[in-house]
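Counting along the sequence shown from 1, when you hit position 35 you're at 86 in the working numbering, and nothing is skipped either side.
Backbone N, C-alpha and C fix where the C-beta goes; we use that ideal spot for every residue, glycine too.
Please read the structure below before turning to the comments.
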Amino acid sequence: MFYSSTKWFVTIGLTVIGFGANLQSAIAQTQYPFSTTYNAQTTLTPITENILRITSVGENVDAAYGLTKLTNIGYGEFNSNTGVIVIDSDPAEFGLDNLPSGNFAISDEGEDRLFGIVSGSAVLDFPNSVGSVNNTISITGGTGRFSGATGTLRLLESLTLGNPDITAPVTGLPLISGSIQTFQTVPEANQITGLLSMGVIGFFILNRRRRLSKNCYDKSFLSVLE
């Protein structure tokens, strides 16, 4: 009888463990919609005749998630005939293999930061004193609550060009918008289920042994009384 009951409990336990093993690990995803306009200043620094280093620094004390500071450093190839600047974070795209890669970062005063790379273009219409920027930001990581972040943001900006000198600093209001995701692995269900199953099996086996021992004792005691 004891062997039969034990076999029954073991069968149940193995069935439950097998069920847990078939469950896949869950990935918890957190979405961070983002939309902030920064007060920024951009400076174009010539490296060669038509290759520029682009530096933008901005701030907004009311930025989403407290990411108040903007830094965007990249490179661009300027076509003086069309006024178009092709932009990329990688200087190798413009044949500049010996220069450090550019970077995009928005951050707060603490540990929360987002990093990315930028590609896109700008158009400078000096005759009409206006310009525009249209960039795509690929998020490559972060720190703090944004550790392991991914996502895509857009940077759109309209410029007023008050000086025909391309190296003169330009102020603007870049709008950065899009969505950011972070991911966290949830503990595997098969590990939790397995531990619970073994605990249940152990409890029933020990309880069964105690009952059998008590029954044997009661029978022995009764036989002595008889």
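Pro-225 and Leu-206 - do their beta-carbons sit closer together than 8 angstroms? yes
Need the endpoints of the beta strand (DSSP E) that Ile-105 sits in, please. 102-110
Rounded separation between Gly-125 and Gly-167 - CA only: 11 angstroms
Once the 5 residues before and after Asp-163 are set aside, which same chain residues still bring their CB inside 8 angstroms of it? Tyr-116, Gly-117, Leu-118, Gly-193, Thr-194, Gly-195, Arg-196, Phe-197
7 angstroms Cβ shell around Asn-111 - same chain, five flanking residues per side excluded: Thr-87, Thr-88, Tyr-89, Asn-90, Thr-119
Reducing DSSP to helix, strand and coil, say where Glu-144 ends up. helix
Report all residues from its chain with a CB closer than 6 angstroms to the CB of Ile-157; omit the five preceding and five following residues, and keep chain order. Leu-118, Leu-121, Leu-165
Looking only at DSSP bridge pairs, what is Glu-128 linked to? Ile-102, Val-137
Output the boundary residues of the beta strand (DSSP E) element that contains Arg-205. 201-211
Which same chain residues, not among the five before or five after Asp-176, have their C-beta less than 8 angstroms away from its C-beta? Correct list, in chain order: Gly-134, Gly-182, Leu-212.
Can you list, in chain order, the residues of its chain with a C-beta nearer than 6 angstroms to that of Thr-106? Leave out the 5 residues immediately preceding and following it. Excluding positions up to five away in sequence, the list reads Thr-94, Ile-124.
The beta strand (DSSP E) spanning Tyr-83 covers which residue range? Its beta strand (DSSP E) spans residues 78-88.
For the beta strand (DSSP E) containing Ser-228, name the first residue and the last one. 226-236
Determine the closest residue to Gln-92 out of Leu-210, Gln-232, Gln-235, with distance taken between C-alpha atoms. Leu-210
If Ser-140 and Ser-152 are in contact, beta carbons under 8 angstroms, what's the gap, nearest whole angstrom? Between Ser-140 and Ser-152 a beta carbon distance of about 6 angstroms is seen, short of the 8 angstroms cut, so the two are scored as contacting.
Would DSSP call Leu-247 helix, strand or coil? Note on Leu-247: pLDDT 46, under 50, position unreliable in the model; the coordinate value appears next. In the structure shown, Leu-247 sits in a helix (DSSP, three-state: H, G or I).
Alpha-carbon to alpha-carbon, Ser-230 and Gly-202: 6 angstroms
Please state whether the Cβ-Cβ distance between Leu-204 and Ile-188 is less than 8 angstroms. yes
For the beta strand (DSSP E) holding Asn-185, just list the boundary residues, first then last. Segment 181-194, the beta strand (DSSP E) holding Asn-185.
Spatial neighbours of Ala-79 within its chain, please: CB distance less than 8 angstroms, with the 5 preceding and 5 following residues excluded, ordered by chain position. Phe-234, Gln-235, Thr-236, Val-237
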